[in-house]
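Chains as they are written, first to last, in the numbering used here: chain S, 248 to 363; chain C, 359 to 559. Structure, as structure tokens:
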């Protein structure tokens, strides 16, 4: 039981849950931002975490309704991010147009960084 | 190649959406980048199973504490300073020679953050969430945990109201150990129920 158990899953085991131990909390930096934003909004009293959780459960349920448990492509933080976007849009805390503008600006910046 | 490309593109897309959302909220003055940084750092570094391990080790050496922990989990955990968000109502379930407990959240990913930190990827996976309820014994076997046929398995489904923490059995041969040393035997998985506290070496 000592040491780090690498994320090894027998490929022929049906829907074997991945069993990483001692792994990073977040796989990608954007996941940590999406997580941090939701908790910060709760801390600031902007978003009721239970309302967010209800949407998260809905997002997860939607994916599971369309896939078998062993299907690949499930990304928990993608569900999380979508639930967060929908909560903020539904409660009119964020306007769709401002998201589009921010997205275009950031995409341009990233493209620019990429070229240099 | 095309699959890799597609995969990278998906991640860029998600990163872009997350960055745009953060930028809009910061621009509106609803939160700051520093606040988000602090939260991420706290969950990456300060909160984790090391906290739960202290709780379990205390329960192993102090029977009064163990009783309080089983009676009112959140209050007893708070005694050690590990209260907080997503740990308001804690139910501690004790493994015994006859019963093994295992925790899941079938609807999403509810988990006792103050004592275990954020859940591992497998805990959030559709496969674990669906299968541990239907066939706990075989799922535990895949984790390398072979339980005697006579041992009952109880599966606890976490909700937004109640979070569960498994109190694993104290390994044999640890009678001489102090609390600090005992805490090092308590793995994250032993507190979810997909493992046991490590045997003393």
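Cβ coordinates follow ideal geometry from the N, Cα and C atoms, glycine included. All values reported here derive from a predicted model rather than from experimental measurement.
{"Query": "Residue of S:343, S:307, S:340 minimising C-alpha distance to residue 483 (chain C)", "Result": "S:307"}
{"Query": "Sufficient close CB pairs (3 or more, under 8 Å) joining the region 383 to 398 of chain C to the region 427 to 444 of chain C", "Result": "no"}
{"Query": "Minimum Cβ-Cβ distance from residue 268 (chain S) to chain C less than 8 Å", "Result": "Unreliable positioning characterises residue 268 (chain S) in this predicted model, as indicated by a pLDDT of 44, which lies under 50. The coordinate reading is nonetheless provided below. Yes, residue 268 (chain S) counts as interfacial toward chain C."}
{"Query": "Euclidean distance between Cα positions of residue 257 (chain S) and residue 387 (chain C)", "Result": "Only weak support exists for where residue 257 (chain S) lies, its pLDDT of 38 falling under 50; the value from the coordinates is given anyway. Their backbone Cα atoms lie some 48 Å apart in a straight line."}
{"Query": "Own chain partners of residue 546 (chain C) with C-beta closer than 7 Å, once the 5 adjacent residues on each side are dropped", "Result": "407, 474"}
{"Query": "Secondary structure of residue 317 (chain S), DSSP reduced to three states", "Result": "coil"}
{"Query": "Validate contact between the region 485 to 493 of chain C and the region 407 to 419 of chain C using beta carbons, cut 8 Å, 3 pairs", "Result": "no"}
{"Query": "Helix, strand or coil at residue 398 (chain C) according to DSSP, with G and I counted as helix", "Result": "helix"}
{"Query": "Residue nearest to residue 339 (chain S) in terms of C-alpha spacing, selected from C:383, C:522, C:553, C:429", "Result": "C:383"}
{"Query": "Integer Cβ distance of residue 524 (chain C) from residue 491 (chain C), believed to fall under 8 Å", "Result": "The Cβ separation is near 16 Å, so there is no contact."}
{"Query": "Partner residues on chain C for residue 336 (chain S), Cβ-Cβ distance less than 8 Å", "Result": "Near residue 336 (chain S) there are no residues of chain C at all, since even the closest Cβ is about 10 Å away, more than 8 Å."}
{"Query": "Of the residues S:352, S:298, S:319, the one placed nearest residue 335 (chain S), counting alpha carbons only", "Result": "S:298"}
{"Query": "9 Å Cβ cut-off: residues of chain S touching residue 508 (chain C)", "Result": "Chain S residues near residue 508 (chain C): none, gap ~24 Å exceeds 9 Å."}
{"Query": "Proximal residues of chain C, C-beta to C-beta of residue 343 (chain S) below 8 Å", "Result": "Simply none; closest approach about 10 Å."}
{"Query": "Contact residues within the region 300 to 329 of chain S, judged by C-beta distance below 7 Å to chain C", "Result": "300, 303, 304, 307, 311, 316, 317, 321, 323, 325, 328"}
{"Query": "Run of the beta strand (DSSP E) containing residue 430 (chain C), from where it starts to where it stops", "Result": "Careful: residue 430 (chain C) lies outside any beta strand (DSSP E) and carries neither H nor E."}
{"Query": "Residues bridged to residue 549 (chain C) [DSSP beta-bridge criterion]", "Result": "According to DSSP, residue 549 (chain C) bridges with nothing at all."}
{"Query": "Residue 462 (chain C) to residue 552 (chain C) span [Cα, whole Å]", "Result": "10 Å"}
{"Query": "Where residue 522 (chain C) falls: helix, strand or coil (DSSP)", "Result": "strand"}
{"Query": "Cross-strand partners of residue 510 (chain C) (DSSP beta bridge)", "Result": "C:457"}
{"Query": "Closer than 8 Å at the beta carbon, the chain C residues around residue 332 (chain S)", "Result": "375, 379"}
{"Query": "Integer-rounded CB distance, given that residue 442 (chain C) should sit under 8 Å from residue 472 (chain C)", "Result": "4 Å"}
{"Query": "Test item: CB-CB of residue 438 (chain C) and residue 403 (chain C) under 8 Å", "Result": "no"}
{"Query": "Reduced DSSP secondary structure (H/G/I, E/B, other) of residue 325 (chain S)", "Result": "helix"}
{"Query": "C-beta neighbour in chain C for residue 349 (chain S), strict 8 Å", "Result": "yes"}
{"Query": "CA-to-CA distance, residue 556 (chain C) to residue 455 (chain C), given in whole angstroms", "Result": "16 Å"}
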